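Worksheet: one structure, shown below.
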Amino acid sequence: MKTLIVLVTYNGYAMTKDCLSVLSKLPPEHWRIAISDNASSDGSPQKIAVDFPQAKVYALSKNKGFGFANNEALCRSLEKENFDFVCFLNNDTIVTVESMEKLREDAEKDSGKTIFAPLVKNRDGSLQRTDYRFLSHAEFFLNAFRTVRGADQRLHGELKAVAETHFLSNDWINAVCWMMPVQTFFDVGMFDEKIFMYYEDQDFAYRARKLGYRFLLNAEAPIVHLGGGSAKNVLSRSLQHDSSQLYFYRKHFGYGGAVLSRTFRFVRSLLRLGMLVPFALFKKSARDNARIHWKLLLFSLNGKGILK
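Residue 688 in my numbering is what sits at position 295 of the sequence shown, and the numbering runs on without skipping anything.
This is the structure in structure tokens:
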């Protein structure tokens, strides 16, 4: 059985090189590597082709987002060769051959509708929560009144152990690393290419759960996620995140979902501004954050979304 590993790159060749240095050690009879490069300006496609000739690089002429790039690499690869499984992996990760093999074995042994993921850690070895709950509309709205830490706690909830196994579960797991049968990806409907960045994995996971799929973390297959910068700055990332959230709620919950998203974001940024303004005279960080939330507040009122 063959597994295709798909990485999306956008500049940051150094991180990609570290990741590929490990992936290139996987036995070629079971593994292939495909890279979708989102129009990098640092020469990433050319450098990868020279340093890792075993990896197939698809150099895209335009950055159309994370979801599009993943879809493109898989579909183009399938035109040349058949694969049983696909592993979507962030390029800003430090993996091991052992962890990748364990995930492949999980997928091969599974007889149910499961998407597997590794246990993700920070560079210092601490747990990085990549598992989440799907919140009710009431829970989601109430998060506008909570601190960032409090909201995160609600979003993650409890990571549950699956009885007498080394697996952990939650409603869904983000796409730092997903292992699944190729057919599963197409049955769920691939990544929504209208989402440029953020929420593309939550959208896929939401559709997967509606079809009866589950997400499992393998506690015996750890990897490290460094975290990279995919947007130009904090404001750009924040606007893109809020735009994708609006799209997600409008797509799955209609007009009411769009109102919920806008109301949540308006209340959240209004409250953040109220907390930041008293400190803005004394701290540059408070002024910067206040400017960001002012922009987000305006976007919640009149923004139509900046999906690319």
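Ideal Cβ placement from N, Cα and C applies to all residues, glycine included. These numbers were taken from a predicted model, which means no experiment stands behind them.
Neighbourhood of Ile-426 by C-beta distance below 6 Å, restricted to the same chain and skipping five residues each side: Numbered from its first residue, the sequence shown carries residue 426 at position 33. The beta carbon of Ile-426 is closer than 6 Å to those of Ile-398, Leu-416 and Ala-448 in its chain, skipping five residues each way along the sequence.
Any non-hydrogen atom of the ligand PLP within 6 Å of Ser-636 CB: With respect to the ligand PLP, the structure shown offers nothing to examine, as it has no ligands at all.
Cβ pair Leu-419, Val-488 closer than 7 Å: If you number the sequence shown from 1, residue 419 lands on position 26. If you number the sequence shown from 1, residue 488 lands on position 95. Contact flag unset, no.
Three-way DSSP call (helix, strand, coil) for Ala-612 in this model: Within the sequence shown, numbered from 1, the residue matching residue 612 stands at position 219. Strand.
Strand pairing of Met-394, partner residues [DSSP]: Walking along the sequence shown from the start, residue 394 turns up at place 1. For Met-394, which the question treats as bridged, DSSP gives no partner whatsoever.
Sub-7 Å separation of Phe-657 and Ala-554 beta-carbons: Translated into the one-based positions of the sequence shown, residue 657 becomes position 264. Translated into the one-based positions of the sequence shown, residue 554 becomes position 161. Cβ atoms of Phe-657 and Ala-554: not closer than 7 Å.
Touching by the beta-carbon criterion (3+ pairs, under 8 Å), the region 471-484 and the region 597-612: Because the criterion of three Cβ pairs below 8 Å is not met, the region 471-484 and the region 597-612 do not touch.
Contacts around Tyr-403, its chain only, beta-carbon distance under 6 Å, and the 5 residues preceding and following it disregarded: Along the sequence shown, one-based indexing puts residue 403 at 10. Taken in chain order, the residues that qualify are Asn-431 and Ser-433.
Extent of the continuous alpha helix (DSSP H) run through Thr-577: Within the sequence shown, numbered from 1, the residue matching residue 577 stands at position 184. Its alpha helix (DSSP H) spans residues 575-581.
Per DSSP, the bridge partner or partners of Val-617: Counting from one through the sequence shown, the residue named residue 617 turns up at place 224. Its beta-bridge partners are Ile-487 and Lys-514.
Nearest-angstrom Cα separation, counted from Trp-565 out to Met-394: Here residue 394 corresponds to residue number 1 of the sequence shown, with the count starting at 1. Here residue 565 corresponds to residue number 172 of the sequence shown, with the count starting at 1. Going from the Cα of Met-394 to the Cα of Trp-565 covers about 26 Å.
Reduced DSSP category for Gly-622 - H, G, I as helix; E, B as strand; rest coil: Start at 1 with the first residue of the sequence shown, and residue 622 comes out as number 229. Annotation note: pLDDT 49 at Gly-622 (below 50); position unreliable, coordinate value reported separately. Gly-622: coil per DSSP, three-state reduction.
Residue span of the alpha helix (DSSP H) that contains Arg-526, given as start and end: Counting from 1 along the sequence shown, the entry for residue 526 is found at position 133. Counted as a single uninterrupted DSSP element, the stretch harbouring Arg-526 is not any alpha helix (DSSP H), since DSSP gives it neither H nor E.
Between the CA atoms of Asn-484 and Ser-437 - distance to the nearest angstrom: The sequence position of residue 437 within the sequence shown is 44, counting from 1. The sequence position of residue 484 within the sequence shown is 91, counting from 1. Cα to Cα, Ser-437 sits roughly 12 Å from Asn-484.
Beta-carbon proximity check, Cys-363 vs Ala-510, cutoff 7 Å: A query on residue 363 cannot be resolved here, the shown segment of the chain reaching from 394 to 701 and no further.
Extent of the continuous alpha helix (DSSP H) run through Phe-692: To locate residue 692, count along the sequence shown from 1; it is residue 299. Boundaries of the alpha helix (DSSP H) around Phe-692: 677-695.
Pro-387 classed as buried or exposed, judged by whether at least 16 other C-beta atoms fall within 10 angstroms: A question about residue 387 goes unanswered here, because the residues of the chain that appear run from 394 up to 701.
Neighbour-count burial assignment, Met-572, 16 or more Cβ in a 10 Å radius: The sequence position of residue 572 within the sequence shown is 179, counting from 1. In summary, Met-572 is buried, with 16 or more beta-carbon neighbours lying within 10 Å of its beta-carbon over all protein chains present.
Endpoints, the beta strand (DSSP E) within which Lys-449 is located: Along the sequence shown, read from residue 1 onward, the residue named residue 449 stands at position 56. From DSSP, the beta strand (DSSP E) with Lys-449 extends over 449-453.
Buried or exposed by the 16-neighbour rule on C-beta atoms within 10 Å, applied to Leu-691: By one-based count along the sequence shown, residue 691 stands at place 298. By the neighbour-count rule (16 or more Cβ atoms within 10 Å), Leu-691 is not buried but exposed.
Per DSSP, the bridge partner or partners of Asn-563: What you label residue 563 is simply residue 170 of the sequence shown in a count that begins at 1. The partner list for Asn-563 (beta bridge, DSSP) reads Phe-608.
Cβ neighbours of Leu-520 in the same chain (closer than 8 Å, five flanking residues each side left out): The residue you call residue 520 lines up with position 127 of the sequence shown. If we look at Leu-520 and ignore the five residues flanking it on each side, its Cβ neighbours are Leu-512, Val-513 and Lys-514.
Close-in-space but distant-in-sequence residues of the same chain around Arg-516 (CB under 7 Å, 5 per side omitted): Position 123 of the sequence shown holds residue 516. Cβ within range, chain order: Val-617 and Leu-619.
Among Gly-582, His-645, Tyr-648 and Thr-409, the one whose alpha carbon lies nearest that of Val-450: Translated into positions along the sequence shown, residue 450 becomes position 57. Between Val-450 and the set Gly-582, His-645, Tyr-648 and Thr-409, the nearest pair of CA atoms involves Thr-409.
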